[in-house]
Amino acid sequence: MWSTLVYHNFLVSLQPIIDFSVRPMLLNILKSKIHRVTVTEANLNYIGSITIDDDLMDAANIYAGERVQVVDNNNGSRLEACGIPGKRGSGWICISGAAAHLVHVGDTVIIMAYAMMTPEEQASFKPAIVFPNNNHLV
61 MWSTLVYHNF LVSLQPIIDF SVRPMLLNIL KSKIHRVTVT EANLNYIGSI TIDDDLMDAA
121 NIYAGERVQV VDNNNGSRLE ACGIPGKRGS GWICISGAAA HLVHVGDTVI IMAYAMMTPE
181 EQASFKPAIV FPNNNHLV
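Count along the sequence shown from 1, then add 60; that gives the number in this note's numbering.
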């Protein structure tokens with residue numbers, strides 16, 4: 061379906077941006093959340109990422125290499141990083157690279173990942189939300 065627009069006395073044909081009858085709309089929905097963990101290490105001299113105890117990654121359904129959003133409750137910083145599995149049972153949360161300028165050892169962070177899904181898929185989807193204890197154990 062095409063439409064037309066008059067722009068400075070010219071007729072312009074416009075192709076629709078998205079035809080939802082052919083391609084369904086996708087929503088960016090919270091898939092995984094590790095709620096309120098304390099940063100145990102910040103390493104400025106490393107390629108940017110966040111290392112997370114593998115037990116926490118499993119519990120939150122976060123995959124190795126998945127893009128995650130990190131929100132710092134202490135200073136309001138928000139950043140995106142690549143999730144890297146850390147030693148299982150260690151409680152390790154390490155911010156690496158330039159992000160170490162924004163998030164520091166001792167800061168409380170929330171780590172989230174999102175997934176694209178249709179409204180129908182979203183209706184029955186339940187995110188994995190983890191509330192670890194003070195030692196970062198599930």
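Positions of the beta carbon are idealized from the N, C-alpha and C atoms, including for glycine.
Quick caveat: nothing in here was measured; it's all calculated off a predicted structure.
One Cα belongs to Ala158, the other to Lys93, and the distance between them is close to 23 Å. Distance check between Asn134 and each of Leu90, Ala173, Val163 places Val163 closest, using alpha-carbon atoms only. Closest option to His196, judged by alpha-carbon separation, among Thr178, Glu140, Val97, Ile189: Val97. When DSSP assignments are scanned along the region 111–180, the uninterrupted stretches of beta strand (DSSP E) that are 3 or more residues long and fall wholly within it turn out to be 127–132, 138–146, 153–156, 168–177. As the crow flies, the alpha-carbon of Thr168 is around 14 Å from that of Ile110. Nearest neighbour of Pro187 by Cα position, chosen from Asn121, Gly125, Gly146, turns out to be Asn121.
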